[in-house]
Each structure stands twice: as structure tokens, then as C-alpha cells.
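Residue numbers (our numbering): 460 to 769. The beta carbon of each residue, even a glycine, is placed where N, CA and C say it ideally should be. The next block holds one structure in the form of C-alpha cells; read it before the comments.
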Ligand code: GLV
């Protein structure tokens, strides 16, 4: 039996080497499209695989996403039905999300953009207001959202969470979808951080209704997926002043097309999907472990519920 790595356009030599080190020759590790014997492939390790490419493996049992998100897999109509999908759950991935969100929130709170503008103009002055008071709502209270919310809380911000199901998280009030609509939740905060999985229910959740519910001059931070955001609604809300600034790491199309208005909008700060990047060594350890579990017929680590979408 073998493992196929399907990550088009990226150098995966380090990942392959780490997996081979863990498996000590127990299974060959092939890199797509160079798969000598598709019949042998028991596990595929994927990120943005060409849709339909997994059908080439009749004995596929595990599809391991190289990211926390799996919508790229669940949206492939030609996903082999017999294969279980697993995702990455890794404290290092969560830590990257915490760092990025803290960076964005602290820059907003401390008026970083205004201070940079002042430097450019040679102005020595306290910004006005000195700091921006923030009440932060975290959309999505899972493996990533909870650490993000706790990090922001530990920095002294008032934080609340929003989640599909009811949850108890120490020190953070979590509202469930059944309790409040997303817009009613948004009304309670002036900063929204989106860490949701992308599912048919969460697609477009950052929309006009939500932006209009927030107090004037609010902030949006999206580190989940571009599909959560209705771009035109955000642009309108930024121009109308409902939203003061957006910090965006993810987009409908990546790389973000050069002609997209986000690139030059003065109230948008964008980064190229780097909020947190999968640690290859940690991913390789998980791949090797799930491969061994699959061979022994044991439960896999971090399986996805296709119905829930994460
Ligand atoms: C990255 O976007 C991930 O899903 O881990």
C-alpha cells in the first residue's frame, strides 16, 4: 500500500521526506502526478487537488487534508465515497491564527495606521482617540476559534464567541446560532473575527446585514475563507463608514486578482493567506499516524463529519 501527495504547484519534498522518516519504508510516498501504481494508493494527502483526481485510486481509504479546512475536498463532486476525510488539528496552526489575530487587533486598538500616517507627515502627536476600545466577536468557536478568543481575552479585550452549537468556554460567553442570528450577534460587538469553517450555512455570513448591524466604524478580520465574505457588501460598508477597516487574509480567488478593489482600498489591509501555515513536520507525523491506523483498521485522528462540513 502507498501514500500519494497531491499538492499541485507546491514543493512538497520536505513533507515527503518527513513522512518517509516516520514510516521507515513501511509504504512508498509518491508525489502527484508521478504515481507509479494508483491501485496501491491507500491514502491521499491533499491540498487543492484537481477535482476528480482522487477517482484514480480504487483502494483509497483516507484523504488527509493538509489544512484545517476541508471545503476544497467536500466540494469535489467526484470524491470517492469509500474514503474518510481527515483534517489537520495542530496547536502550531492555532498559534499562528492567535498571533495573526492579536497583531490585527492590536494594530487597530493602538491606531497603528494613523501613527504610520503621522510618521509619513512628520507629525509628533498622540493619536485621536488614543486607543480604539474594542469589543470582539469571534465567529466560530472550534479548534481555532477558541484559542483565538482566549488569546484576545488574555490581552484584556472583551470577547464573545458565536458558534453553530451551544458551547461552554471558560471566561468567554458563547452564543449559539439557535440563540441569536449572526446579525444580532454582530450588533453586540465592534470587531468581528471570522474563524468559521466554510459550509453552505456559513457562506456569505459576512454580509450587508451583519455590517449594518454593527456600530458605525467597526472592524472586520477574516482569516477563514474568502467565501465567508460578500466582497461588494464590504466595499459598500467601508465606503459608507459602517466598517472602518478590514484585515483580510483569504479571498474568493487566490491569488487575489490584481484588478480587485481590495488591493488599493485605503481601509483594507490584506495578506496572502498566511495567517497560519501548516507545519510540514507536524503534518507528516499526523499523516504517518493516520496511515498506520488505517492499515490496522483503527479509528483515524481528526476525521471530518461531511454533513457538518468540518
Ligand atoms: C488553511 O487555510 C487551512 O485550512 O489550514
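Cβ-Cβ distance between residue i and residue j below 8 Å
{"i": "residue 648", "j": "residue 631", "result": "no"}
{"i": "residue 654", "j": "residue 611", "result": "no"}
{"i": "residue 551", "j": "residue 749", "result": "no"}
{"i": "residue 652", "j": "residue 600", "result": "no"}
{"i": "residue 548", "j": "residue 527", "result": "yes"}
{"i": "residue 675", "j": "residue 637", "result": "no"}
{"i": "residue 511", "j": "residue 535", "result": "yes"}
{"i": "residue 765", "j": "residue 465", "result": "no"}
{"i": "residue 695", "j": "residue 672", "result": "no"}
{"i": "residue 519", "j": "residue 525", "result": "no"}
{"i": "residue 745", "j": "residue 726", "result": "no"}
{"i": "residue 715", "j": "residue 688", "result": "no"}
{"i": "residue 586", "j": "residue 574", "result": "yes"}
Of the residues the options, the one placed nearest residue i, counting alpha carbons only
{"i": "residue 566", "options": "704, 658, 640", "result": "704"}
{"i": "residue 530", "options": "577, 645, 723, 546", "result": "546"}
{"i": "residue 472", "options": "489, 461, 483, 485", "result": "489"}
{"i": "residue 657", "options": "669, 709, 675, 486", "result": "709"}
{"i": "residue 662", "options": "675, 691, 684, 482", "result": "684"}
{"i": "residue 615", "options": "621, 607, 622", "result": "607"}
{"i": "residue 713", "options": "526, 554, 686", "result": "686"}
{"i": "residue 640", "options": "627, 483, 620, 629", "result": "620"}
{"i": "residue 645", "options": "623, 629, 637, 668", "result": "668"}
{"i": "residue 724", "options": "690, 746, 711", "result": "690"}
{"i": "residue 763", "options": "585, 532, 573", "result": "532"}
{"i": "residue 758", "options": "521, 577, 568, 553", "result": "521"}
{"i": "residue 747", "options": "476, 481, 583", "result": "481"}
{"i": "residue 679", "options": "597, 716, 660", "result": "597"}
{"i": "residue 767", "options": "660, 760, 585, 692", "result": "660"}
{"i": "residue 517", "options": "463, 584, 574", "result": "463"}
{"i": "residue 555", "options": "718, 761, 467, 682", "result": "682"}
Residue-chain proximity (residue i, chain B), Cβ-Cβ < 8 Å
{"i": "residue 610", "result": "In the structure shown, chain B cannot be found, because there is only a single protein chain."}
Close-in-space but distant-in-sequence residues of the same chain around residue i (CB under 8 Å, 5 per side omitted)
{"i": "residue 469", "result": "506"}
{"i": "residue 496", "result": "461"}
{"i": "residue 628", "result": "600, 605, 608, 609, 620"}
{"i": "residue 571", "result": "565"}
{"i": "residue 622", "result": "599, 600, 601, 604, 633, 634, 635, 636"}
Own chain partners of residue i with C-beta closer than 6 Å, once the 5 adjacent residues on each side are dropped
{"i": "residue 625", "result": "635"}
{"i": "residue 474", "result": "739, 743"}
{"i": "residue 729", "result": "707, 721"}
{"i": "residue 677", "result": "649, 702"}
{"i": "residue 594", "result": "617, 648, 649"}
{"i": "residue 515", "result": "497"}
{"i": "residue 613", "result": "none"}
Counterpart residues of residue i in DSSP-defined beta bridges
{"i": "residue 489", "result": "463"}
{"i": "residue 762", "result": "545"}
{"i": "residue 409", "result": "Only positions 460 to 769 of the chain appear in this structure, which leaves residue 409 out of reach."}
{"i": "residue 702", "result": "677"}
{"i": "residue 632", "result": "619"}
{"i": "residue 661", "result": "None; residue 661 has no bridge partner."}
{"i": "residue 653", "result": "598, 681"}
{"i": "residue 524", "result": "505"}
{"i": "residue 727", "result": "705"}
{"i": "residue 500", "result": "461"}
{"i": "residue 473", "result": "According to DSSP, which records beta bridges pairwise, residue 473 is partnered with nothing at all."}
{"i": "residue 554", "result": "Residue 554 is not bridged to any residue."}
Close Cβ partners of residue i (< 7 Å) along its chain, the five nearest in sequence each way excluded
{"i": "residue 741", "result": "549, 551"}
{"i": "residue 692", "result": "666, 667, 670"}
{"i": "residue 479", "result": "488"}
{"i": "residue 486", "result": "460, 461, 462, 750"}
Does the segment 731 to 738 come close enough to the segment 554 to 562 that 3 or more CB-CB pairs lie under 8 Å? Flag = yes, the segment 554 to 562 and the segment 731 to 738 touch.
Can you find at least 3 beta carbon pairs, one from the segment 535 to 545 and one from the segment 587 to 597, that sit closer than 8 Å? As far as the Cβ criterion goes, the segment 535 to 545 does not touch the segment 587 to 597, which means the pair count is below three.
contact_flag[the segment 745 to 759, the segment 491 to 502] where n(CB pairs < 8 Å) is 3 or more: Short answer: they touch.
Residues near the ligand COA, criterion Cβ-heavy atom distance below 5 Å: By its list of ligands, the structure shown excludes the ligand COA, since it contains just the ligand GLV.
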